[in-house]
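> For reference, the structure I am asking about is given below.
Protein chains in written order, with our numbering: chain A, 1 to 249; chain B, 250 to 340.
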């Protein structure tokens, strides 16, 4: 899933179909790729015939390299990663990235190398897929449940160390909870809980809710703005509160 | 669940700006911003403040930024910017 749009077949179905039919061809090695200027990439990918086919095959080799790199790194880093076929997934991500790139070729502004722009699609696809693999066995419905002990656990965690600091922490947390309960919507509280506390990736929550990454980000932004302004209105500086909680007791 | 949650929440709240770029805008700026950082010719923290502010708030965009940056760093054999390509400028 791309940030703003899902990959979809190119409007000129012949282009994607021609490329798809070449998937059985062994991939081009990246050490043999022909250097191209940005405008050559755009022109050749838009051309027909053998010129376009060669550009597509070489671009796919670049994308596959980026997707393999991202998946290998993500697989090693994500603690919940299941065993999955990295190479097949990389092939799928490269293919989806290629389709998305063809779909958005007209959006390329030329303010970076074409290959860097193209890599960003492959890496986006690969990391979205890796996060999906990593979180697919976790019940987000259970994590989204706001009732239960999560608030009380935080409160109890403020009770240690320097008594004065403990008291200030407890007061700050009480005010934060009050603002969250009174001024944030349930959806905003849920999003803060699962993304900040449970570290659920934003795109996974968006997928679970049938929403978009932009929409969930905006929901969180609105919640943060509200929290910040309400804290300030009550005489709390969020940076001072951060010091209060981040420095050791 | 512990006070680390409150710390993360306050980090995000204290770093909140009235206007923030969206994930889509971040994605559009990503390639040029990564190239600028790797070129090391400008203070990207200042030149690209809205972009980096977004990365400070959005873990998935930050992951994609870091992965693209690290991938490009790992590819010394990548062909140099071909003649005729425009210079990179801040997004």
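Ideal Cβ positions, reconstructed from N, Cα and C, are used throughout, including at glycine. Quick caveat, the model's predicted, so the values are computed rather than measured.
Could you check what DSSP says for residue 310/B in three-state terms: helix, strand or coil?
Three-state DSSP puts residue 310/B in a helix.
> Relative to the C-alpha of residue 220/A, which residue among 255/B, 271/B, 290/B and 318/B is closest?
Per the Cα distances, 271/B.
> Run through DSSP, which three-state label would residue 294/B get?
In the structure shown, residue 294/B sits in a helix (DSSP, three-state: H, G or I).
> Would you verify that the beta carbon of residue 28/A is, or is not, closer than 8 Å to some beta carbon of chain B?
At residue 28/A, the pLDDT of 49 sits below 50, so the modelled position is not reliable and the matter cannot be decided from this model.
> So residue 123/A and residue 297/B are in contact, right, with Cβ under 8 Å, and what is the actual spacing, rounded?
Contact doesn't hold; Cβ gap of about 18 Å is too wide.
> Of all the CB atoms in chain B, is at least one closer than 8 Å to the CB of residue 228/A?
Yes, because at least one Cβ of chain B sits closer than 8 Å to the Cβ of residue 228/A.
> If we ignore side chains and look at the alpha-carbon of each, how far apart do residue 104/A and residue 174/A end up?
Roughly 48 Å between the two C-alpha positions.
> If we call anything under 8 Å between Cβ atoms a contact, is residue 94/A one with residue 67/A?
For residue 94/A and residue 67/A, yes; Cβs fall inside 8 Å.
> With a Cβ-Cβ cutoff of 8 Å, do residue 97/A and residue 63/A count as a contact?
Yes, the pair counts as a contact, with Cβ atoms nearer than the cut-off.
> Going by C-alpha to C-alpha distance, which of 243/A, 208/A and 41/A sits closest to residue 113/A?
Answer by Cα proximity: 41/A.
> If we define contact as Cβ-Cβ less than 8 Å, is residue 66/A a contact residue for chain B?
Closer than 8 Å to some Cβ of chain B, the Cβ of residue 66/A qualifies, so yes.
> Kindly indicate if chain B contains any beta-carbon less than 8 Å away from that of residue 123/A.
Yes, contact with chain B.
> If you draw a straight line from the alpha carbon of residue 111/A to that of residue 167/A, how long is it in whole angstroms?
So the alpha carbons of these two residues sit roughly 52 Å apart.
> Indicate, with yes or no, if the ligand NAD has a heavy atom lying under 7 Å from the CB of residue 197/A.
Only the bare structure without any ligand can be found here, which leaves the ligand NAD out of the picture.
> Residues in the stretch 208-227 of chain A with C-beta within 8 Å of chain B's C-beta atoms, listed in sequence order?
Result list: 213, 214, 217, 218, 220, 221, 224, 225 and 227.
> Please compile the residues from chain A whose C-beta is within a distance smaller than 8 Å of the C-beta of residue 279/B.
Simply 120.
> What whole-angstrom Cβ distance do residue 226/A and residue 183/A have, given they're in contact under 8 Å?
With a Cβ gap of about 5 Å, residue 226/A and residue 183/A count as contacting.
> Please tell me whether residue 192/A and residue 126/A are closer than 8 Å, where the distance is taken between their beta carbons.
Against a cut-off of 8 Å, the Cβ pair of residue 126/A and residue 192/A comes out as no contact.
> Listing by chain order, which chain A residues have their CB less than 7 Å from the CB of residue 290/B?
Under the 7 Å cutoff, chain A gives no residues; its nearest Cβ is about 14 Å from residue 290/B.
> Whose C-beta lies closer than 8 Å to the C-beta of residue 198/A among residues of the same chain, with five residues either side of it excluded?
Counting only Cβ-Cβ distances below 8 Å, and skipping sequence neighbours, we find 143.
> What residues in its chain sit with their C-beta under 8 Å from that of residue 304/B, if we drop five residues either side in the sequence?
Excluding positions up to five away in sequence, the list reads 275, 310, 311 and 314.
> Quick check: is the beta carbon of residue 293/B nearer than 8 Å to any beta carbon in chain A?
No, residue 293/B does not count as interfacial toward chain A.
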